[in-house]
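Q: Residue numbers (this note's numbering): 547 to 893.
Don't be surprised by glycine CBs; every beta carbon is placed ideally from N, CA and C.
First the structure, then my questions, so here it is.
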């Protein structure tokens, strides 16, 4: 075998993981991984993880102790059929940037993430945020998800538009294939509430964050999610005549693919949990994470383009936090009632 040729092909295939391969590990044994032409191999036990369609297949099943209540396969099957979000109205790097910057949060992330950071987008879905953030030369962004169909969409877009600083892998967020304390930033947006144990998922991901690194989580809010649940009840009983209740479903520019993706993701998902700002603050306190900021702000202050995500903000009082969540409820639970919590792992 021509080892030089093999190494060259492996280098090309794994180019998205350059400068990052040394932080990967076998998700089962924790051993270091080495590359072959078309796979990762654990150094001692020889476990093989194939690379297919440019995607590193580093998925490991959940710990047997959790198997009785694991919903991973059910959720995986749902997303193999439902690509969220869909790519059907994105036809260039420019359209991806324009769409991503419509939201203040994604734009703020792009502008404020630390330079030279290694970022894990855990539960990346079709990878639109991964690809958007990977357009910058200042960082390396790795998108991990359980769903191969979604990852294939993500990687095809990456390859078509030569987004060099993004890469994709199949993984279980309860067994992420990264060495402990090796990742600068973990983003897990709109994912943990679709697992069997959101807090356990947070803890598993936090282990991979280096001391001083950042973790960002987007979760369904206990109160702000109620309008979506009410609409789901109405849709199940009365059908399409009531779709006007969700303004996003009546938007003129919404394509058929994006309409279907949003509807199924919000109203047909087989499993979800809901959480509060105070609950997640408790996770942070128990796990050695300093609260930095949240969207909406825990103290009720407005979120603007000038908001600094990674600088310490007030946690507010219990009353202010309750008021912020009540406002989310009274405004109809926009974005599915999602709130975002941002923290820094203590040294």
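Which full runs of the alpha helix (DSSP H) of 4+ residues lie inside the stretch 792-859, going along the chain?
A: Listed in chain order, they are 802-813 and 823-833.
Q: Taking only the alpha-carbon atoms, compute the straight-line gap between residue 563 and residue 675 and give it to the nearest angstrom.
A: In a straight line, the C-alpha of residue 563 is about 17 Å away from that of residue 675.
Q: I believe residue 760 touches residue 731 by the beta-carbon criterion, under 8 Å. Please report the beta-carbon distance rounded to the nearest angstrom.
A: That belief holds up - the Cβ atoms of residue 760 and residue 731 are roughly 5 Å apart, short of 8 Å.
Q: Taking only runs that begin and end inside the stretch 660-713, name each unbroken alpha helix (DSSP H) of 4 or more residues, in chain order.
A: As far as the stretch 660-713 is concerned, its whole alpha helix (DSSP H) runs of at least 4 residues are 674-680 and 694-706.
Q: Apart from the five residues just before and just after residue 769, which ones in its own chain have a Cβ nearer than 8 Å to its Cβ?
A: 822, 871, 872, 874, 875 and 883.
Q: Give me the Cα-Cα distance between residue 795 and residue 819, rounded to the nearest whole angstrom.
A: Their Cα atoms are separated by approximately 23 Å.
Q: Please confirm whether residue 571 and residue 724 have their CB atoms less than 8 Å apart.
A: Yes. Within cutoff.
Q: Pick from 788, 597 and 835: whose alpha carbon is nearest that of residue 757?
A: Comparing Cα-Cα distances from residue 757 to each of 788, 597 and 835, the minimum goes to 835.
Q: Let's see if you can read the secondary structure: which residues bound the beta strand (DSSP E) around residue 890?
A: Residues 884-891.
Q: Beta strand (DSSP E) containing residue 595: first to last residue?
A: Per DSSP, residue 595 belongs to the beta strand (DSSP E) from 594-598.
Q: Which of the three DSSP states, helix, strand or coil, is assigned to residue 724?
A: Note: residue 724 maps to strand in three-state DSSP.
Q: From which residue to which residue does the alpha helix (DSSP H) around residue 758 run?
A: From DSSP, residue 758 is part of no alpha helix (DSSP H) but of the beta strand (DSSP E) over 755-766.
Q: Compute the beta-carbon to beta-carbon distance between residue 604 and residue 752, rounded to the nearest angstrom, for a pair I have assumed lies under 8 Å.
A: About 19 Å; that fails the 8 Å criterion.
Q: For residue 646, is the classification buried or exposed, using 16 other Cβ atoms within 10 angstroms of its Cβ as the cut-off for buried?
A: Residue 646 comes out buried.
Q: Can you tell me whether residue 788 is buried or exposed, with buried defined as 16 or more other CB within 10 angstroms of its CB?
A: That one is exposed.
Q: Which of the three DSSP states is assigned to residue 606 in this structure?
A: Coil.
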